[in-house]
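Using this note's numbering, the letters of the sequence shown map in sequence onto residues 7 to 486.
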Amino acid sequence: METLKLRKITSVWIIIVLTLFVVAIVLGILMRLNQGEIIQQSPITFYGNMTTHGLTMIGIWFVAGMAAVNYLLERYVKTSYAANLFALVLTVIGVLMLWCSTFIGEFHAGWTFLYPLPFKIMWAEWATPLFLSSLGVLGLGWLVWSISLMAQILKKYSISQAFAWQHFHKNPKVETPPFILITMITLIGVIACLIAAVILLILFFIEYFSTGSFVNDALLMKNLTYFFGHTIANEMLYLGLAVIYELFAEVSGRPKWHTTWYVALAWNLSLIFILTAFFHHLYMDFVQPEGLQIIGQIASYLASLPAAGVTVFSILVAVYRNKINWSLTNLLFFIGVAGWVIGGLGAVIDATISNNFILHNTLWVPAHFHTYNAMGNVLFSLAFFHWFSNQYYHHKERQNTLKLSILLIGGAGFLLAFYIGGAESIPRRYSTYPSDLPMGATLASIAALFASLYLIAILIFFFNISKKCLKILSSSPQSS
Ligand code: HEM
Numbered sequence: 007m008e009t010l011k012l013r014k015i016t017s018v019w020i021i022i023v024l025t026l027f028v029v030a031i032v033l034g035i036l037m038r039l040n041q042g043e044i045i046q047q048s049p050i051t052f053y054g055n056m057t058t059h060g061l062t063m064i065g066i067w068f069v070a071g072m073a074a075v076n077y078l079l080e081r082y083v084k085t086s087y088a089a090n091l092f093a094l095v096l097t098v099i100g101v102l103m104l105w106c107s108t109f110i111g112e113f114h115a116g117w118t119f120l121y122p123l124p125f126k127i128m129w130a131e132w133a134t135p136l137f138l139s140s141l142g143v144l145g146l147g148w149l150v151w152s153i154s155l156m157a158q159i160l161k162k163y164s165i166s167q168a169f170a171w172q173h174f175h176k177n178p179k180v181e182t183p184p185f186i187l188i189t190m191i192t193l194i195g196v197i198a199c200l201i202a203a204v205i206l207l208i209l210f211f212i213e214y215f216s217t218g219s220f221v222n223d224a225l226l227m228k229n230l231t232y233f234f235g236h237t238i239a240n241e242m243l244y245l246g247l248a249v250i251y252e253l254f255a256e257v258s259g260r261p262k263w264h265t266t267w268y269v270a271l272a273w274n275l276s277l278i279f280i281l282t283a284f285f286h287h288l289y290m291d292f293v294q295p296e297g298l299q300i301i302g303q304i305a306s307y308l309a310s311l312p313a314a315g316v317t318v319f320s321i322l323v324a325v326y327r328n329k330i331n332w333s334l335t336n337l338l339f340f341i342g343v344a345g346w347v348i349g350g351l352g353a354v355i356d357a358t359i360s361n362n363f364i365l366h367n368t369l370w371v372p373a374h375f376h377t378y379n380a381m382g383n384v385l386f387s388l389a390f391f392h393w394f395s396n397q398y399y400h401h402k403e404r405q406n407t408l409k410l411s412i413l414l415i416g417g418a419g420f421l422l423a424f425y426i427g428g429a430e431s432i433p434r435r436y437s438t439y440p441s442d443l444p445m446g447a448t449l450a451s452i453a454a455l456f457a458s459l460y461l462i463a464i465l466i467f468f469f470n471i472s473k474k475c476l477k478i479l480s481s482s483p484q485s486s
């Protein structure tokens with residue numbers, strides 16, 4: 007059972023994530039206002055904001071998923087409070103270092119900091135090593151946390167049980183809960199991509215300190231960057247899915263979900279495909295061996311299909327013609343799964359080589375990944391935050407429909423502007439659009455308006471949830 011300490015640290019994670027989220031959304035709206043020519047930022051400010059926005063968003067929604075998984079894992083195994091705290095402290099330090107490098111040092115190479123951009127110094131000299139070190143600090147905290155969670159799972163479940171392989175036979179003696187299976191599969195991917203990040207950072211530092219005597223291989227660096235970046239951005243969604251498998255049935259008043267042979271198979275397959283799908287980021291790197299490009303396309307299709315198939319099937323079976331206790335928690339899960347699937351379809355369209363010739367590096371890219379993040383994974387975590395804080399301080403919240411409607415309308419309008427821009431071949435990552443693409447600025451202004459609605463909804467969630475989390479933080483063992 008979870009302890010008061012775990013409850014408190016989870017509350018701290020939630021407050022930090024929501025606070026940083028509000029700041030990062032404001033940076034996003036400023037970018038759209040600049041692209042819409044409503045405000046005028048220098049390119050340095052725009053790209054600094056883009057770098058801070060991208061990395062902060064990826065970081066916070068990763069730790070949000072980890073904090074939720076850590077909290078729920080305590081239902082099955084004992085987790086390490088020290089590892090959780092270590093990750094929290096390093097996350098705060100890492101984010102402060104990152105923000106110093108971008109806001110003060112004006113580092114602005116984008117969240118993918120693609121080699122050799124960090125060495126093309128157009129900012130304070132110290133900003134490059136500070137930026138790279140901030141990633142090192144964040145990566146270290148998250149790696150230790152992930153390894154610790156996996157070690158705790160393996161203390162109770164053997165490797166084959168953690169992967170649910172016994173479910174390939176009839177009537178298995180031990181049942182692996184779906185939550186354990188998905189958490190295990192996800193943690194392996196997380197650990198693999200964090201190790202890639204460590205290697206990448208070491209290579210960056212060797213070149214930095216070698217003052218010209220050592221030069222990295224650009225293709226290797228790009229492979230490592232996308233193995234890390236693509237994988238972590240996808241794995242954080244799977245952390246959210248683990249939470250859904252654990253909580254959806256419970257909060258809906260339905261029987262708990264069990265692992266079957268097809269659930270076990272789907273998630274085991276996802277493990278392989280998710281680690282090889284990143285090759286689709288290198289379609290335009292013609293020196294990459296062709297076989298890897300083909301693997302990239304096949305894995306991109308297969309990475310999403312098994313996990314999405316069984317998750318959507320499980321949710322539909324749970325809700326179809328059944329009496330469901332609908333609450334804000336399962337509504338957020340339900341809408342979030344829809345957002346995940348729609349964004350996933352957008353991703354598969356882009357990852358198809360023939361389409362990629364047209365959509366490559368257009369606004370279609372932020373369109374699809376914002377869909378499964380802003381209207382998918384964020385909703386999974388908001389659902390957990392809401393459920394978690396309500397467990398201890400439950401009072402009937404009013405205007406849930408209004409809150410959800412503002413979130414949906416704001417989110418849909420903001421995303422649609424990206425999709426239309428992508429279909430019109432408007433390039434991504436332009437601080438202002440060339441005059442022969444006038445639609446870009448119009449769409450950006452409309453997007454800023456809708457994103458502001460999304461922000462209003464998030465502020466209401468922030469206020470309601472943080473209030474309860476602050477109460478949890480001030481509670482004593484007697485009051486809990
Ligand atoms: C309403 C909320 C949001 C707004 C207004 C917003 C806005 C933006 C804008 C304008 C860009 C630059 C697009 C371009 O021209 O290429 C961007 C990039 C990005 N956003 Fe968001 N965003 C939001 C939510 C999110 C969320 C929830 C995530 C979660 C992961 C996210 C992650 C990213 C990433 C990774 C980039 C790429 C940065 C880069 O290219 O270096 N955003 N966002």
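All C-beta atoms in this analysis are idealised placements derived from N, C-alpha and C, irrespective of residue type, glycine included.
message: Between V29, H264, Q303, which has its C-alpha nearest A283's C-alpha?
response: Start at 1 with the first residue of the sequence shown, and residue 283 comes out as number 277. Among V29, H264, Q303, the Cα nearest to that of A283 is on Q303.
field: Cβ-heavy atom distance, N240 to the ligand HEM, below 7 angstroms
entry: The residue labelled residue 240 in the question sits at position 234 within the sequence shown. The answer is no for N240.
- prompt: Any contact of the segment 91-101 with the segment 168-184, i.e. 3+ C-beta pairs under 8 angstroms?
  reply: Contact annotation: the segment 91-101 does not touch the segment 168-184, with fewer than three C-beta pairs closer than 8 angstroms.
- prompt: Should the segment 304-317 be called in touch with the segment 272-283, which here means at least 3 C-beta pairs below 8 angstroms?
  reply: yes
- prompt: Any idea if E296 is buried or exposed, counting beta-carbon neighbours within 10 angstroms, 16 or more meaning buried?
  reply: In the sequence shown, counting from the first residue as 1, residue 296 sits at position 290. That one is exposed.
query: Hey, L369 and G428 are a contact pair by Cβ (cut 8 angstroms); roughly how many whole angstroms apart?
result: To locate residue 369, count along the sequence shown from 1; it is residue 363. To locate residue 428, count along the sequence shown from 1; it is residue 422. About 4 angstroms separates the two Cβ atoms, so the contact holds.
Closest by C-alpha distance to W132, when choosing among L281, I110, T57: Sequence index remark: in the sequence shown, residue 132 carries index 126 (1-based). For W132, the closest of L281, I110, T57 by C-alpha to C-alpha distance is I110.
message: Going residue by residue through the segment 289-329, where are the continuous alpha helix (DSSP H) segments of at least 4 residues, counting only ones entirely within it?
response: Runs of the alpha helix (DSSP H) inside the segment 289-329: 296-325.
- request: Reducing DSSP to helix, strand and coil, say where T438 ends up.
  value: Numbered from 1 along the sequence shown, position 432 holds the residue referred to as residue 438. DSSP places T438 outside both helix and strand once states are collapsed to three, so it counts as coil.
message: Taking only three categories from DSSP, how would you classify P433?
response: On the sequence shown, position 427 is the one that residue 433 refers to. It is a strand residue.
- request: Could you check the C-alpha separation between K477 and K11 for me, to the nearest Å?
  value: Taking the sequence shown and counting its residues from 1, one reaches residue 477 at position 471. Taking the sequence shown and counting its residues from 1, one reaches residue 11 at position 5. One C-alpha to the other measures close to 14 angstroms.
task: Check whether the Cβ of P372 sits closer than 7 angstroms to any heavy atom of the ligand HEM, and report yes or no.
output: The sequence position of residue 372 within the sequence shown is 366, counting from 1. Checking the Cβ of P372 against the ligand HEM gives yes.
- prompt: CA-CA distance, I464 and F386?
  reply: The residue you call residue 464 lines up with position 458 of the sequence shown. The residue you call residue 386 lines up with position 380 of the sequence shown. Roughly 14 angstroms separates the two Cα atoms.
message: Using the three-state DSSP reduction, which class does T282 fall into: helix, strand or coil?
response: Sequence index remark: in the sequence shown, residue 282 carries index 276 (1-based). DSSP places T282 in helix when its eight states are reduced to three.
message: Under 7 angstroms: does the beta carbon of V384 sit that close to some heavy atom of the ligand HEM?
response: Against the sequence shown, residue 384 aligns to sequence position 378. Checking the Cβ of V384 against the ligand HEM gives yes.
- request: Quick one: give me the first and last residue of the alpha helix (DSSP H) that E256 is part of.
  value: Residue numbering aside, residue 256 sits at position 250 when the sequence shown is read from its first letter. 224-258 is the extent of the alpha helix (DSSP H) around E256.
message: Applying the 10 Å Cβ sphere with the 16-neighbour rule, what's the burial state of K474?
response: Here residue 474 refers to the residue found at position 468 when the sequence shown is read from its first residue. Looking at its Cβ environment, which holds 16 or more other Cβ atoms inside 10 Å, K474 is buried.
field: Proximity test, Cβ basis, 8 angstroms: I364 and chain B
entry: The question asks about chain B, but that chain is absent: this structure has only one protein chain.
query: Roughly how many angstroms lie between the CA atoms of V316 and L225, to the nearest whole one?
result: Sequence index remark: in the sequence shown, residue 316 carries index 310 (1-based). Sequence index remark: in the sequence shown, residue 225 carries index 219 (1-based). Going by the C-alpha atoms only, they are around 36 angstroms apart.
- request: Please say whether I50 and V23 have beta carbons closer to each other than 8 angstroms?
  value: Along the sequence shown, one-based indexing puts residue 23 at 17. Along the sequence shown, one-based indexing puts residue 50 at 44. Contact flag unset, no.
field: Where S320 falls, given that 16 or more other Cβ within 10 Å makes a residue buried
entry: Taking the first residue of the sequence shown as position 1, residue 320 is located at position 314. Under this definition S320 is a buried residue.
message: Do I359 and V289 have their beta-carbon atoms positioned less than 8 angstroms apart in this structure?
response: Working through the sequence shown from its first residue, we reach residue 289 at position 283. Working through the sequence shown from its first residue, we reach residue 359 at position 353. In the sequence as presented, Val is not what sits at residue 289; that position holds Tyr. Against a cut-off of 8 angstroms, the Cβ pair of I359 and Y289 comes out as a contact.
First through last residue of the alpha helix (DSSP H) which encompasses W346: Your numbering for residue 346 matches position 340 in the sequence shown. Here the alpha helix (DSSP H) through W346 covers 334-357.
task: Let me know if P444 comes out buried or exposed under the rule of 16 or more other beta-carbons within 10 Å of its beta-carbon.
output: Along the sequence shown, one-based indexing puts residue 444 at 438. Under this definition P444 is an exposed residue.
- request: State yes or no: is the C-beta of Y439 nearer than 7 angstroms to some heavy atom of the ligand HEM?
  value: Start at 1 with the first residue of the sequence shown, and residue 439 comes out as number 433. No - the ligand HEM has no heavy atom lying nearer than 7 angstroms to the Cβ of Y439.
For N470 and F390, the rounded distance between their alpha carbons: Here residue 390 refers to the residue found at position 384 when the sequence shown is read from its first residue. Here residue 470 refers to the residue found at position 464 when the sequence shown is read from its first residue. When rounded, the distance between both Cα atoms is 13 angstroms.
message: the ligand HEM and W273: does any heavy atom of the ligand fall closer than 7 angstroms to the residue's C-beta?
response: Locating residue 273 in the sequence shown gives position 267, counting from the first residue. No.
- prompt: Exposed or buried, which one is H286 when buried takes at least 16 other CB atoms within 10 Å?
  reply: Translated into positions along the sequence shown, residue 286 becomes position 280. H286 is buried by the Cβ-count criterion.
message: Less than 7 angstroms separating the Cβ of H59 from some heavy atom of the ligand MG?
response: The ligand content of the structure shown is limited to the ligand HEM, which means the ligand MG is not among them.
Complete runs of the alpha helix (DSSP H) confined to the segment 170-198 [at least 4 residues]: none
- request: Report, in whole angstroms, the separation of the C-beta atoms of F52 and S437, which I expect to be a contact under 8 angstroms.
  value: Here residue 52 corresponds to residue number 46 of the sequence shown, with the count starting at 1. Here residue 437 corresponds to residue number 431 of the sequence shown, with the count starting at 1. The pair is a contact, with the Cβ atoms about 4 angstroms apart (cut-off 8 angstroms).
- prompt: Does the distance from the CB of I127 to the CB of T118 come in under 8 angstroms?
  reply: Position 121 of the sequence shown holds residue 127. Position 112 of the sequence shown holds residue 118. Result no, Cβ atoms of I127 and T118 do not sit closer than 8 angstroms.
query: So what does DSSP say about T217, is it helix, strand or coil?
result: Locating residue 217 in the sequence shown gives position 211, counting from the first residue. Note: T217 maps to coil in three-state DSSP.
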